[in-house]
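Undergrad: Residue numbers (our numbering): 5 to 256.
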Amino acid sequence: MSGTNALRTIIVDDEPLARQVLREYLAGMPAVEVIAECANGFEAVKAVAEQAPDLVLLDVQMPKLDGFEVVELIGRATPVIFVTAYDEFAVRAFEVHAVDYLLKPVSAERLAEAIARVRLRTPGQPATPPVAALRPPVSERGPAERILVRDGTRVHVIDVDALDYVQARDDYVGFHSAGQEYLKEQPLAEVEAELDPRAFVRIHRSFIVNLTRIARVEPITRDSRVVILKDGRRLPVSRSGYQRLTALLDGA
5 MSGTNALRTI IVDDEPLARQ VLREYLAGMP AVEVIAECAN GFEAVKAVAE
55 QAPDLVLLDV QMPKLDGFEV VELIGRATPV IFVTAYDEFA VRAFEVHAVD
105 YLLKPVSAER LAEAIARVRL RTPGQPATPP VAALRPPVSE RGPAERILVR
155 DGTRVHVIDV DALDYVQARD DYVGFHSAGQ EYLKEQPLAE VEAELDPRAF
205 VRIHRSFIVN LTRIARVEPI TRDSRVVILK DGRRLPVSRS GYQRLTALLD
255 GA
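In structure tokens:
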């Protein structure tokens, strides 16, 4: 249904049948308009950037980018309802402020209830999860295996092993890999928490470095040092950063 007050919706699922079911359910609801369907996360990020929907119905397990990676890239301003066959991601879904979390096979009534939650949601406020969704996480997430950086409608995927160093740049961080820099709006402390502490160390308030990229550490003055990377780049090392670096190298 199209109209100026219609809830403009994008369906994201790698299974055509799942998209069809959701599309048919939505067709029977008032003031809901499906403006796009996407079969993977890359298509979803592009569609959201281009069409600015009012709602995204999003699967969790998909090729290329999973549902949580899509949310990371599109931001939390766009309401998201997860629709998935996996119940173990419910707590994480509400941590990223999903409006609702529906388990397949979803009924038209349950979807309508979730749509109603979208309409009642106060902009900018996290959703209140249904009681059934409040369960302990099955397992803790490990260190990040890749970094995702959105550039307009494009998404850069950087394997963590290919990351040379990370640099704070005001409200952004620059991820340096193979001579390229990819900027992302994110605190450096948050990046530090996501990386494997056995492989990455914060050597300065503005720099995190991949240990495998370090060629040597050289003194500049009595109390200051610099890290020389294998490609010749020089990164400053603070006193506390040097302590962290030597502790990690001594324990390797």
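Where is the CB? At the ideal position from N, CA and C, for every residue including glycine.
How about the region 145-161 and the region 205-221: do they share at least three Cβ pairs that are nearer than 8 Å?
TA: no
Undergrad: Using only the alpha-carbon positions, how far apart do Gly178 and Pro20 sit?
TA: Here the alpha carbons of Pro20 and Gly178 stand approximately 37 Å from one another.
Undergrad: Only counting the same chain, and skipping five residues up and downstream in sequence, which positions put a Cβ closer than 8 Å to that of Leu11?
TA: Ala35, Val36, Glu37, Asp58, Leu59, Ile119, Val122 and Arg123
Undergrad: So what's Lys234 in DSSP terms, helix, strand or just coil?
TA: coil
Undergrad: Helix, strand or coil for Thr250? Go by DSSP, reduced to three states.
TA: helix
Undergrad: Looking only at its own chain, which residues have a Cβ that is under 8 Å from the Cβ of Ala48, when we skip the five neighbours before and after it?
TA: Ile14, Val16, Cys42, Val60, Leu62, Leu69, Val74 and Ile78
Undergrad: If we count the other Cβ atoms within 10 Å of its Cβ and call it buried at 16 or more, is Asn9 buried or exposed?
TA: exposed
Undergrad: Between the C-alpha atoms of Gln184 and Ala94, what's the straight-line distance to the nearest angstrom?
TA: 36 Å
Undergrad: Does the beta-carbon of Ala22 have 16 or more other beta-carbons within 10 angstroms, so that it is buried, or is it exposed?
TA: buried
Undergrad: Buried or exposed: Ala4, going by 16 or more other Cβ atoms within 10 Å of its Cβ?
TA: A question about residue 4 goes unanswered here, because the residues of the chain that appear run from 5 up to 256.
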